[in-house]
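Residue numbers (our numbering), protein chains in the order written: chain B, 1 to 347; chain E, 1001 to 1347.
Even glycine gets a Cβ: it sits at the ideal position worked out from N, Cα and C.
Just so we're clear, the structure is a prediction, and the values are computed from it rather than from any experiment.
Number of protein chains: 2
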Amino acid sequence: MRAATGKPLLDTVLGFRQPRPPIWIMRQAGRYLPEYRATRAGTTDFLQLCYTPALATEVTLQPLRRFALDAAILFSDILVIPDALGQRVRFETGEGPVLEPLDVAGIARLARLDPGTVLRHLQPVLETVANVRAAIAPTQTLIGFCGSPWTVATYMLGGKGSADQAAARLFALNEPVAFAQLIDVLIDASIAYLVAQLRAGADVVQLFESWALNLDEPAFRERVIAPNRRIVEGVRAQIPEAAIIGFPRGAAGMLAAYASETGVNLLGLDYATPTGFAATALPPDLGVQGNLDPLRLVAGGAQMAERARDIIAAFADRPHVFNLGHGIVPQTPIEHVAALVDIVKNG
Amino acid sequence: MRAATGKPLLDTVLGFRQPRPPIWIMRQAGRYLPEYRATRAGTTDFLQLCYTPALATEVTLQPLRRFALDAAILFSDILVIPDALGQRVRFETGEGPVLEPLDVAGIARLARLDPGTVLRHLQPVLETVANVRAAIAPTQTLIGFCGSPWTVATYMLGGKGSADQAAARLFALNEPVAFAQLIDVLIDASIAYLVAQLRAGADVVQLFESWALNLDEPAFRERVIAPNRRIVEGVRAQIPEAAIIGFPRGAAGMLAAYASETGVNLLGLDYATPTGFAATALPPDLGVQGNLDPLRLVAGGAQMAERARDIIAAFADRPHVFNLGHGIVPQTPIEHVAALVDIVKNG
């Protein structure tokens, strides 16, 4: 086991339980902050914000100026990988990302790309990582991330977000060879990207498997567990002590298999995961992250405080990073965030 | 325990394991059938189809003419309850249902309604139940249903379907008194409606809790388990041996609690529920229904056959009703349905 570093959040990921859980908030640099909206209003395009180190650094740091958070998370998007691979990604206002869906021929083209392409394209993001690392306190943790291959593939194959990922799920069944080729491309790109983030100054990286929820068991094993494991192994082949959080949103009955078979250090729990279920299904020493419903943070007050305290109590005997169970939503009142951080820090 | 009836599907719900699992298919009377599309094309409105006994009977019977299914399921919709309560429901083509979202005052108005209103409005649906019962074979089971209160409330409060049910989830947190009042109205209406279906000739009723997936544990207990239990108890207070299937889609880590605390006879499993998880988490004698991914039925072929056989093998030692883990989708080839029924019937 790697030695403790003095960064409470990184140390928790490494397996060292803290007196109080450290906290960060998924999508903490986001639209609920007026200063974020002001910075975003000055850019023409969401990806431009991700690819401009001065601006991306600024929005990454904004929530740390307001709240006593234990980590910064790189401001970027899971779709910078398809963008770096040459699949055009647009962000339409109120509509989310839009891509031209890949077909079999398009996947074959991706597979022939020079492997250096992705990192050259993502150089500005790596510069942001270095900037943020230089700006935050030595006790604060910097979290890098990427989307997991299945989640990214759902956008590349479906062309947009969807409630059931039907386009990608059907493609995987109808075109298994091309689908496997796409997953291979994404695994290689993700490993290179995460290793570069860790070398640029990230302390921890998180794998966002945001669409783990509509897969049956064989599909989950093939599309989620195997690729996430290959990324963990690929990163650790280059950085043996890399600290990795896995967040398979909706994994539910496959959560324990994901945790034990991928080799992640810490397991992110969505808000629908009952704390008692996690306590019985997971190895007792496995650290967890989560899992307050973001809408409880919107509503605030006694119900939020009570639920936050219940979550902290439920995970008191294992490494625990406090977080929401999904991203913070734009209508969240800032004073509720301040109240939550205070509860987590001070009880 | 109630005695066996000679209807294989009803008997399975009652706890009698069959040599081969009986089968029905969620949304089996639906758009994948050309004869359904033809009937639907002759109506101006989806609810008109539900409220016209001759037409609703016809579409209920259509899939039984093509496939050796063990059950008919009443052709209707979970939103006939809000419609019967006076909240206008329109079905927009390609958009799904649209309702004027309820507010606190609207809920108070619903709570003052004469309890007989719902059954008077739904008389044509009960006539369809009687028609179908008279038309099917004595060994075939007739399944009635309603939407569970939380699921129906998400539409009544949100005005439409959504991926995260955020409007209803926030309403429940911000207006707990009015929310509880709405759930009470829906529980009473559902009990009356299900009892009437059973008296009109339904052998089994299913509670569709289609949106059980975005709730944390306290919310799941309050909004799913408690109302479903109250409906089961309310129906059994009038019909002690009522056979009830509960289908909490996305219940995941709360599945075992739902099964043991609601008192349903048989538990519907969505396709994301791993068979091994169900086998270890559920009481060994509890019957289950499910759980093939509907997209495996679209893709067909060897992967579908293999997965169907794996599901049958996994549940061979408990009562098992074969079904999809969610509704059949319009693009499903009819010959794949025939192949699936053959596999389930003949191995």
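Identify the continuous alpha helix (DSSP H) that holds residue i and give its terminal residues.
| i | result |
| --- | --- |
| B/Pro82 | Val80 to Ala84 |
| B/Thr151 | Pro149 to Gly158 |
| B/Val337 | Ile334 to Asn346 |
| B/Gly96 | Note, B/Gly96: premise wrong, no alpha helix (DSSP H); beta strand (DSSP E) at Gly96 to Leu99. |
| E/Gly1301 | Gly1301 to Ala1314 |
| E/Tyr1051 | Phe1046 to Tyr1051 |
| B/Ile107 | Val104 to Ala111 |
| B/Arg169 | Ala166 to Asn174 |
| E/Glu1217 | Glu1217 to Phe1220 |
| B/Thr117 | Gly116 to His121 |
Find out if the Cβ-Cβ distance for the pair residue i, residue j is shorter than 8 Å.
| i | j | result |
| --- | --- | --- |
| B/Gln349 | B/Thr154 | This structure cannot speak to residue 349 of chain B, because chain B is shown only from 1 to 347. |
| E/Leu1282 | E/Ala1302 | no |
| B/Met156 | B/Leu113 | no |
| E/Gly1161 | E/Pro1101 | no |
| E/Asp1070 | E/Pro1138 | no |
| B/Ala200 | B/Val129 | yes |
| B/Leu207 | B/Ser260 | no |
| E/Thr1280 | E/Ile1311 | no |
| B/Leu213 | E/Ala1272 | yes |
| E/Asn1265 | E/Ile1245 | yes |
| E/Pro1125 | E/Leu1061 | For the record, residue 1125 of chain E in the displayed sequence is Val; it is not Pro. In this structure, E/Leu1061 does not lie closer than 8 Å to E/Val1125 by Cβ. |
| B/Val224 | B/Ile191 | no |
So which of the options has the shortest CA-CA distance to residue i?
| i | options | result |
| --- | --- | --- |
| B/Trp268 | B/Ile328, B/Asn291, B/Ala178 and B/Ala130 | Note that residue 268 of chain B is Gly in the sequence shown, not Trp. Ranking B/Ile328, B/Asn291, B/Ala178 and B/Ala130 by Cα distance to B/Gly268 puts B/Asn291 first. |
| B/Thr5 | B/Leu49, B/Gln331, B/Ala196 and B/Val204 | B/Val204 |
| E/Pro1218 | B/Glu306, B/Ala41 and B/Lys7 | B/Glu306 |
| E/Arg1169 | E/Leu1186, E/Arg1296, E/Gln1181 and E/Thr1151 | E/Thr1151 |
| E/Ala1163 | E/Thr1093, E/Ala1256, E/Val1288 and E/Leu1215 | E/Leu1215 |
| B/Glu241 | B/Leu55, B/Pro330, B/Gly263 and B/Gly325 | B/Gly263 |
| B/Gln181 | B/Gly147, B/Val104, B/Arg133 and B/Asn174 | B/Val104 |
| E/Arg1065 | E/Glu1175, E/Thr1093, E/Gly1159 and E/Ala1029 | E/Ala1029 |
| E/Val1329 | E/Met1026, E/Asp1077 and E/Ala1071 | E/Met1026 |
| B/Ile183 | B/Glu222, B/Val344 and B/Ala314 | B/Glu222 |
| B/Gly144 | B/Thr93, B/Phe75 and B/Asn346 | B/Phe75 |
| B/Leu142 | B/Leu10, B/Glu95 and B/Arg120 | B/Leu10 |
| B/Leu85 | B/Arg120, B/Phe91 and B/Ala54 | B/Arg120 |
| E/Gln1289 | E/Arg1249, E/Met1254 and E/Ala1054 | E/Arg1249 |
| B/Leu186 | B/Pro124, B/Ile78 and B/Phe247 | B/Ile78 |
| E/Asn1174 | B/Ala178, B/Ala299 and B/Gly327 | B/Ala299 |
| B/Pro82 | B/Gly159, B/Pro8 and B/Thr12 | B/Gly159 |
| E/Phe1091 | E/Ile1073, E/Arg1109, E/Cys1050 and E/Ala1072 | E/Cys1050 |
| B/Glu58 | B/Ala134, B/Thr12, B/Pro8 and B/Leu110 | B/Ala134 |
| E/Pro1176 | E/Ile1107, E/Met1001 and E/Gln1331 | E/Ile1107 |
| E/Leu1014 | E/Leu1286, E/Asn1323, E/Leu1295 and E/Asn1346 | E/Leu1286 |
| E/Leu1198 | E/Thr1012, E/Glu1209, E/Glu1127 and E/Phe1179 | E/Glu1127 |
Quick check on the DSSP output: the beta strand (DSSP E) that includes residue i runs from which residue to which?
| i | result |
| --- | --- |
| E/Gly1030 | Segment: none, E/Gly1030 is in no beta strand (DSSP E) and carries neither H nor E. |
| B/Gly287 | Gly287 to Leu292 |
| B/Ala71 | Ala71 to Ile73 |
Secondary structure at residue i, three-state DSSP: helix, strand or coil?
| i | result |
| --- | --- |
| B/Leu14 | coil |
| B/Ala350 | Summary: the structure shown does not reach residue 350 of chain B, with chain B confined to residues 1 through 347, and so no result is reported for it. |
| B/Ile328 | coil |
| E/Pro966 | This structure does not reach residue 966 of chain E, given that chain E is present from 1001 up to 1347, and the question cannot be answered. |
| B/Ala196 | helix |
| B/Arg88 | coil |
| B/Ala3 | coil |
| B/Ala137 | coil |
| E/Ala1237 | helix |
| B/Val264 | coil |
| E/Gly1144 | strand |
| E/Phe1208 | strand |
| B/Phe322 | strand |
| B/Ala251 | coil |
| B/Ala202 | coil |
| B/Ala68 | coil |
| E/Ala1243 | strand |
Is there at least one non-hydrogen atom of the ligand PLP closer than 7 Å to the beta-carbon of residue i?
| i | result |
| --- | --- |
| B/Pro330 | The model on display carries no ligand, and the ligand PLP is accordingly not part of it. |
* Determine, using beta-carbon pairs with one atom in the segment 1004-1022 of chain E and one in the segment 1318-1333 of chain E, whether at least three such pairs fall under 8 Å. => Contact between the segment 1004-1022 of chain E and the segment 1318-1333 of chain E is present: 3 or more CB-CB pairs across the two stretches fall below 8 Å.
* To do: Assess, as a yes-or-no matter, whether the segment 1021-1040 of chain E is touched by the segment 330-343 of chain B under the definition of 3 or more beta carbon pairs within less than 8 Å.
  => Touching, no, given that fewer than three Cβ pairs across the two stretches are closer than 8 Å.
* To do: Could you please tell me which residues of the segment 217-236 of chain B, in chain order, have their CB closer than 8 Å to any CB of chain A?
  => Within the model displayed, chain A is absent; protein chains B and E are what it includes.
* Touch check for the segment 227-236 of chain B and the segment 36-55 of chain B: three-plus C-beta pairs under 8 Å? -> In short, these stretches do not touch, since the Cβ pair count stays below three.
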